[in-house]
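**Student:** Before we start, here is the structure in question, set down as structure tokens.
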């Protein structure tokens with residue numbers, strides 16, 4: 001979903017416009033979505049460690065949580081997935097203790113339950129990859145933004161990070177696996193989800209949003225035409241790392257939380 005060929009982001013739609021389009025195009029969109037599910041190969045989560053430490057210097061404790069993007073689907077190994085590439089960049093400047101907590105196919109309610117089932121731990125930075133499965137389920141944009149607030153409240157309670165990074169819903173209008181007009185419609189839906197979350201994050205201390213590039217190339221996408229490839233994850237991680245490093249996050253002491261434990265939190 002990244003780099004060379006530019007694609008224009010879809011225009012904004014109001015609630016009534018979205019419902020009208022869904023009513024008018026519903027049967028065709030349903031048939032196309034069913035066809036995509038049938039022919040698109042289901043890629044596995046890549047092998048590799050889901051917790052560890054790397055680098056030297058001041059400590060950053062990092063949790064990458066969420067859906068298939070956080071799990072690295074589309075990359076050949078965890079080292080070439082989102083967390084691995086992010087750790088590689090951050091560890092040039094810091095000692096990084098990191099964990100991945102992610103499941104392919106997870107939506108926001110599913111992640112909320114997964115976080116509830118995860119032992120409390122201390123983290124400095126939490127990166128959330130969440131939204132593509134909510135979008136394909138047509139979760140209303142305002143409802144989705146409210147779910148992100150619920151996730152943020154739970155993360156603050158259980159992990160107390162200095163920085164929570166919401167990674168935006170990917171630019172679905174650039175997903176080559178989706179035929180038109182399904183790709184166009186899903187792009188509009190995802191864009192409105194992102195705008196709803198961005199509005200909620202205004203003046204929110206300790207929470208920020210990372211937007212994906214609104215461009216695409218087959219070099220940045222996996223074979224399924226939906227998930228990032230290793231090159232796509234590299235570009236995603238580069239943007240996240242710049243934001244985290246600019247925030248100058250350093251490890252803080254949480255007297256009521258245990259340190260990050262790979263054995264306790266990695267699934």
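In the UniProt record's numbering, the protein residues as written are 1 to 267. All C-beta atoms in this analysis are idealised placements derived from N, C-alpha and C, irrespective of residue type, glycine included.
In chain order, what residues of the same chain have a beta carbon less than 6 angstroms from the beta carbon of residue 80, not counting five sequence neighbours either side?
**Tutor:** Here the set comprises 230.
**Student:** Could you tell me which residues DSSP puts in a beta bridge with residue 125?
**Tutor:** Answer is 62 and 163.
**Student:** Is the stretch 128-135 touching the stretch 104-111 in the sense that three or more CB pairs, one from each, lie closer than 8 angstroms?
**Tutor:** As far as the Cβ criterion goes, the stretch 104-111 touches the stretch 128-135, which means the pair count is three or higher.
**Student:** If you drop the 5 nearest sequence neighbours on each side, which residues of the same chain put their C-beta closer than 6 angstroms to that of residue 253?
**Tutor:** At residue 253 the pLDDT is 47, less than 50, meaning the model places this residue with poor confidence; the figure from the coordinates comes in the next sentence. Once the five neighbours on either side are set aside, residue 253 has no close Cβ partner at all.
**Student:** Does the beta-carbon distance from residue 241 to residue 90 come in below 8 angstroms?
**Tutor:** In this structure, residue 90 lies closer than 8 angstroms to residue 241 by Cβ.
**Student:** Buried or exposed, going by whether 16 or more other CB atoms sit within 10 Å of the CB of residue 27?
**Tutor:** Result: exposed.
**Student:** Provide the residue span of the beta strand (DSSP E) that contains residue 100, from first to last.
**Tutor:** Residue 100 -> beta strand (DSSP E) spans 95-102.
**Student:** Using only alpha-carbon positions, find the residue among 59, 38 and 116 that is nearest to residue 125.
**Tutor:** Considering only alpha carbons, the answer is 59.
**Student:** Does the Cβ of residue 238 have 16 or more other Cβ atoms within 10 Å, making it buried, or fewer, making it exposed?
**Tutor:** Classification for residue 238: exposed.
**Student:** Go to residue 209, then tell me how far its beta strand (DSSP E) extends in each direction, as first and last residue.
**Tutor:** Residues 207-210.
**Student:** Leaving out the 5 sequence neighbours to the left and right, which residues in its chain are closer than 7 angstroms to residue 263 when beta-carbon positions are compared?
**Tutor:** For residue 263, the predicted structure reports a pLDDT of 42, less than 50, and the residue's modelled location is therefore unreliable. The matter cannot be settled from this model.
**Student:** Looking at C-beta atoms only, is the number of pairs between the stretch 141-155 and the stretch 189-199 that lie closer than 8 angstroms three or more?
**Tutor:** Yes, the stretch 141-155 is in contact with the stretch 189-199.
**Student:** Between residue 157 and residue 180, what straight-line distance do the alpha-carbon atoms span, to the nearest angstrom?
**Tutor:** Those two C-alpha atoms are separated by around 42 angstroms.
**Student:** Quick check: residue 71 and residue 100, are their CB atoms within less than 8 angstroms of each other?
**Tutor:** It is a contact, given that the beta carbons lie within the stated cut-off.
**Student:** Please list the segments of the beta strand (DSSP E) lying wholly inside the stretch 104-158, counting only runs of 3 or more residues, in order along the chain.
**Tutor:** Qualifying beta strand (DSSP E) stretches, in chain order: 125-129.
**Student:** If you run the structure through DSSP and keep just helix, strand and coil, what is residue 196?
**Tutor:** Correct three-state label for residue 196: helix.
**Student:** Using the three-state DSSP reduction, which class does residue 43 fall into: helix, strand or coil?
**Tutor:** Coil at residue 43, not helix or strand.
**Student:** Just the Cα atoms here: how many angstroms apart are residue 61 and residue 243?
**Tutor:** If I take the Cα positions, the gap works out to 15 angstroms.
**Student:** Does DSSP put residue 27 in a helix, a strand or coil?
**Tutor:** Helix.
**Student:** Around the Cβ of residue 41, are there at least 16 other Cβ atoms within 10 angstroms (buried) or fewer (exposed)?
**Tutor:** Classification of residue 41: exposed, given that the 10 Å Cβ count is below 16.
**Student:** Cα-Cα, which of 36, 144, 63 and 68 is closest to residue 43?
**Tutor:** Taking only the C-alpha atoms, the option nearest residue 43 is 68.
**Student:** Can you tell me which of the three DSSP states residue 54 falls into?
**Tutor:** Strand at residue 54.
**Student:** Looking at the unbroken alpha helix (DSSP H) that takes in residue 202, where does it start and where does it end?
**Tutor:** No alpha helix (DSSP H) holds residue 202; DSSP gives it neither H nor E.
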